[in-house]
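Student: With full-length UniProt numbering, letter number 19 in the sequence shown gets 19, and the count goes up by one each step, no holes. By construction, the Cβ of each residue, glycine as well, lies at the ideal position given by its N, Cα and C atoms. Dumping the structure here so I can ask a few things about it.
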Amino acid sequence: MDRVPVVPRPGADAHPNRIPEAAGGWTDCVLRRDRDGHWWYESLSGAPMPGWLAAALAAPASPPRESRIDWGIADRSAHRDGVLACLEAIRAGEVYQACVCTQFTGTVAGFPLDFFVDGVARTSPARAAYVAGAWGAVASLSPELFLRRRGTAVMSSPIKGTLPLDAWPSALRASPKEVAENIMIVDLVRNDLGRVAVVGSVTVPELLVVRRAPGVWHLVSTVAAQVPVELPTSALLDATFPPASVTGTPKHRARQLLSQWEPHRRGIYCGTIGLASPVAGCELNVAIRTVEFDAAGGAVLGVGGGITADSDPDAEWAECLHKASPIVGLPSIAAASPAGLS
């Protein structure tokens, strides 16, 4: 993976209690649930389902446990400064677009897993994921596909372009700013995949499709490619990570500048969570709409948006709030401080 020099703002928060940069595991068995609600246990060794797991699946559902996060106030001033700095960099020709982000932080009362279960039930995210360890937990309610690989077929579906749900969805495709934001990132994904794809195989089967997500309308496009059968997934990740939609273009320079404009490190936010299997292939989300829980009881939610030459700092802040509100406003955490959304 390319290493980009990081020059954090003076005093940038290192978050000593945050989760590790990478975490993973290996398993020889999988429990999955199909669309009809049936559970399936699959084991590479052919071993039967453990008795404790069968008993847990047969037991009546437990009543939900309370999970509350008391959210603090996101730094609107720092976000505005970042947007203005990005607009200046665009005028100077350093970048064409960059994804400037902010953070909500809070304290947790309850269990991260219960927050995740409640969030999935209420928002139906397309790319949800939950990972936990001694270091804490990550609850991802992501709607975005970073990478899917099945054999030699690879697909990425970047999200770029957002309006609140009270807007007409047709207004999204009619907005020059939102359309430009999406198309620039589509070109970046095409370039990333083209680094390892079979020559001439990169296509765009979907362009500027309007899709609904919790609290917002999104513009979604899909880029597809064929890769050599012998290409390891690690090489595919080296060519494409971090995801195009949460960095900017050109990616290398955008990453350098974002590390200066944003006062906090992003953590898992804007990274990826997923699985890889010799049978099922590889599927990874973009870790947006994702809450990071540390072992000390802290929670972090990152939100942001793509900045282009037509961006307005106040509108970009409002977009951050629209994206955050379905998560910080879930009924299970209704006690969250309203100041965090102001």
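In angstroms with no decimal places, state the Cα-to-Cα distance between Asp-238 and Pro-63.
Tutor: Taking the sequence shown and counting its residues from 1, the one referred to as residue 238 is at position 238. Taking the sequence shown and counting its residues from 1, the one referred to as residue 63 is at position 63. Those two C-alpha atoms are separated by around 44 Å.
Student: Given a threshold of 16 other Cβ atoms within 10 Å of its Cβ, counted over all protein chains shown, does Val-229 qualify as buried or as exposed?
Tutor: On the sequence shown, residue 229 is found 229 positions in, with the first residue counted as 1. Burial call: exposed.
Student: If you count every other CB in all the chains shown that lies within 10 Å of the CB of Arg-35, and 16 or more means buried, which is it?
Tutor: Here residue 35 corresponds to residue number 35 of the sequence shown, with the count starting at 1. Arg-35 comes out exposed.
Student: To the nearest angstrom, how far is it from the Cα of Phe-293 to the Cα of Glu-66?
Tutor: Numbered from 1 along the sequence shown, position 293 holds the residue referred to as residue 293. Numbered from 1 along the sequence shown, position 66 holds the residue referred to as residue 66. Using only the alpha carbons, I get a separation of about 16 Å.
Student: Use the C-beta contact count for Glu-178: other C-beta atoms within 10 angstroms, 16 or more gives buried, fewer gives exposed.
Tutor: Translated into positions along the sequence shown, residue 178 becomes position 178. Buried, by the Cβ-count rule.
Student: Enumerate, from N- to C-terminal direction, the unbroken beta strand (DSSP E) stretches of 3 or more residues contained entirely within the region 225-299.
Tutor: Fully enclosed beta strand (DSSP E) runs of 3 or longer: 274-277, 281-285 and 290-294.
Student: Strictly under 8 Å for the Cβ-Cβ distance: is Gly-329 near chain D by that measure?
Tutor: Looking at the structure shown, chain D is missing, and only one protein chain is on hand.
Student: In this structure, what does DSSP give as the bridge partners for Val-30?
Tutor: Position 30 of the sequence shown, counted from the start, is the residue given in the question as residue 30. According to DSSP, Val-30 bridges with Glu-42.
Student: My understanding is that residue 343 touches Val-223, with C-beta atoms under 8 Å, so please give their C-beta distance in whole angstroms.
Tutor: This structure gives no information on residue 343, because the portion of the chain shown stretches from 1 to 342.
Student: With 16 as the cutoff for other CB atoms within 10 Å, does Ser-170 come out buried or exposed?
Tutor: Against the sequence shown, residue 170 aligns to sequence position 170. With fewer than 16 Cβ atoms within 10 Å of its Cβ, Ser-170 is classed as exposed.
Student: With DSSP collapsed to three states, give me the class of Pro-338.
Tutor: Start at 1 with the first residue of the sequence shown, and residue 338 comes out as number 338. Unreliable positioning characterises Pro-338 in this predicted model, as indicated by a pLDDT of 38, which lies under 50. The coordinate reading is nonetheless provided below. The answer is helix: DSSP assigns Pro-338 an H, G or I state.
Student: Can you grab the Cα-Cα spacing for the pair Gly-329 / Val-246, in whole Å?
Tutor: Locating residue 329 in the sequence shown gives position 329, where the first residue counts as 1. Locating residue 246 in the sequence shown gives position 246, where the first residue counts as 1. Their backbone Cα atoms lie some 23 Å apart in a straight line.
Student: With DSSP as the reference, label Ala-195 as helix, strand or coil.
Tutor: Locating residue 195 in the sequence shown gives position 195, counting from the first residue. A small fix is needed here, since residue 195 is Arg in this sequence, not Ala. Arg-195 falls in the coil class under three-state DSSP.
Student: According to DSSP, is Glu-206 helix, strand or coil?
Tutor: Taking the first residue of the sequence shown as 1, we reach residue 206 at position 206. If DSSP states are grouped into helix, strand and coil, Glu-206 belongs with the strands.
Student: Could you check whether Arg-149 and Leu-233 sit closer than 8 Å to each other, using their CB atoms as the reference points?
Tutor: Taking the sequence shown and counting its residues from 1, one reaches residue 233 at position 233. Taking the sequence shown and counting its residues from 1, one reaches residue 149 at position 149. Reading the sequence as shown, one finds Thr at residue 233 and not Leu. For Thr-233 and Arg-149, yes; Cβs fall inside 8 Å.
Student: Identify which residue in Pro-158, Leu-53, Tyr-96 and Leu-87 has its Cα closest to the Cα of Asn-285.
Tutor: Along the sequence shown, read from residue 1 onward, the residue named residue 285 stands at position 285. Checked all of Pro-158, Leu-53, Tyr-96 and Leu-87; the closest Cα to Asn-285 is Pro-158.
Student: Where does Met-184 sit, in a helix, a strand or coil, going by DSSP?
Tutor: One-based indexing of the sequence shown puts residue 184 at position 184. Met-184: helix per DSSP, three-state reduction.
Student: Looking at C-alpha atoms only, which residue of Tyr-41, Gly-24 and Trp-317 is the closest neighbour of Val-138?
Tutor: Along the sequence shown, one-based indexing puts residue 138 at 138. When only C-alpha atoms are compared, the closest one is Gly-24.
Student: Quick check on this structure: which residue in Val-216, Ala-244 and Ala-235 has the alpha carbon closest to the alpha carbon of Met-184?
Tutor: The count along the sequence shown starts at 1 and reaches residue 184 at position 184. With distances taken between Cα atoms, Met-184 lies closest to Ala-244.
Student: Measure the alpha-carbon distance for His-322 versus Trp-40 and round it to whole angstroms.
Tutor: Here residue 322 is taken as the residue at index 322 of the sequence shown, counted from 1. Here residue 40 is taken as the residue at index 40 of the sequence shown, counted from 1. Straight-line Cα distance between these residues: approximately 37 Å.
Student: Go through its chain and collect everything with a Cβ distance to Ile-19's Cβ below 7 Å, but skip five positions before and after it.
Tutor: The residue given as residue 19 occupies position 19 in the sequence shown. Taken in chain order, the residues that qualify are Trp-135, Gly-136, Val-138, Gly-267, Ile-268, Glu-292 and Asp-294.
Student: How big is the Cα-Cα spacing for Arg-173 and Arg-211?
Tutor: For the purposes of this step, residue 173 is taken as the residue at position 173 of the sequence shown. For the purposes of this step, residue 211 is taken as the residue at position 211 of the sequence shown. Approximately 11 Å between the Cα atoms of the pair.
Student: Strictly by DSSP, which residues pair up with Ile-159?
Tutor: Along the sequence shown, read from residue 1 onward, the residue named residue 159 stands at position 159. BP columns for Ile-159 point to Val-220.
Student: Start and end of the beta strand (DSSP E) containing Thr-102?
Tutor: Indexing the sequence shown from 1 puts residue 102 at position 102. Residues 97-109.
Student: Taking its Cβ as the centre, do 16 or more other Cβ atoms sit within 10 Å of Ala-318, making it buried, or is it exposed?
Tutor: Position 318 of the sequence shown, counted from the first residue, corresponds to residue 318. Flag for Ala-318 reads exposed.
Student: Just mark Thr-107 as buried or exposed, buried being the case when its beta carbon has 16 or more other beta carbons within 10 Å.
Tutor: What you label residue 107 is simply residue 107 of the sequence shown in a count that begins at 1. Per the 10 Å Cβ criterion, exposed.
Student: When you compare the CB positions of Ile-307 and Val-117, do they come within less than 8 Å of one another, or not?
Tutor: The sequence position of residue 307 within the sequence shown is 307, counting from 1. The sequence position of residue 117 within the sequence shown is 117, counting from 1. Not a contact, by the Cβ cut-off of 8 Å.
Student: In whole angstroms, what separates the C-alpha of Ala-74 from that of Cys-101?
Tutor: As a first step, residue 74 must be located in the sequence shown, where it is residue number 74. As a first step, residue 101 must be located in the sequence shown, where it is residue number 101. Cα-Cα distance, rounded: 11 Å.
Student: Let me check understanding here. Comparing Cα to Cα, which of Pro-48, Ala-54, Asp-81 and Leu-231 lies closest to Asp-312?
Tutor: For the purposes of this step, residue 312 is taken as the residue at position 312 of the sequence shown. Closest by alpha carbon: Asp-81.
Student: Determine the direct distance from the alpha carbon of Ile-327 to that of Gly-110, and round the result to whole angstroms.
Tutor: One-based indexing of the sequence shown puts residue 110 at position 110. One-based indexing of the sequence shown puts residue 327 at position 327. In a straight line, the C-alpha of Gly-110 is about 16 Å away from that of Ile-327.
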